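Residue numbers (UniProt numbering): 1 to 91.
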C-alpha cells in the first residue's frame with residue numbers, strides 16, 4: 001500500500017506531511033477531497049468485514065494510524081485476492 005501511495009504522490013496524506021492547518025475554504029476542500037480519495041484507496045484494498053472496522057477514521061493519517069495499531073508498526077494487513085477467501089499481506 002505504501003508503494004502505491006508513493007507512486008500516486010499521496011504518501012504525505014498518511015504520514016502527515018501535507019496536513020492542512022491554516023488554509024482558506026477552497027484549499028481545505030481540495031485537500032479534503034484528496035484525503036478522502038486516499039482513504040477509499042486503502043478501504044478498497046481491505047475485505048468488506050475488515051473495512052467496516054475502520055470507517056470511523058476522519059483522515060487518511062488517522063486511518064493509517066489505526067491500521068498500524070491493529071496490525072503492527074509495519075502497517076501490513078490482509079488483502080483479499082480474487083473471489084476466494086485467500087489473503088496476502090501488503091504494506
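We treat Cβ as the ideally placed atom computed from N, Cα and C, and that holds for glycine.
Quantities reported herein were computed from a predicted structural model and do not represent experimental measurements.
How many whole angstroms separate the CB atoms of residue i and residue j, which I take to be in contact at a CB cut-off of 8 Å?
| i | j | result |
| --- | --- | --- |
| residue 14 | residue 34 | Their Cβ separation, rounded to whole angstroms, is 12 Å, which puts residue 14 and residue 34 out of contact at 8 Å. |
| residue 54 | residue 63 | 6 Å |
Please state whether DSSP places residue i in a helix, a strand or coil.
| i | result |
| --- | --- |
| residue 12 | helix |
Alpha carbon to alpha carbon, what distance is there between residue j and residue i?
| i | j | result |
| --- | --- | --- |
| residue 4 | residue 36 | 16 Å |
| residue 25 | residue 32 | 10 Å |
| residue 7 | residue 49 | 27 Å |
| residue 40 | residue 16 | 17 Å |
Unbroken beta strand (DSSP E) runs of length 3 or more, entirely within the segment 8-68: which are they? none
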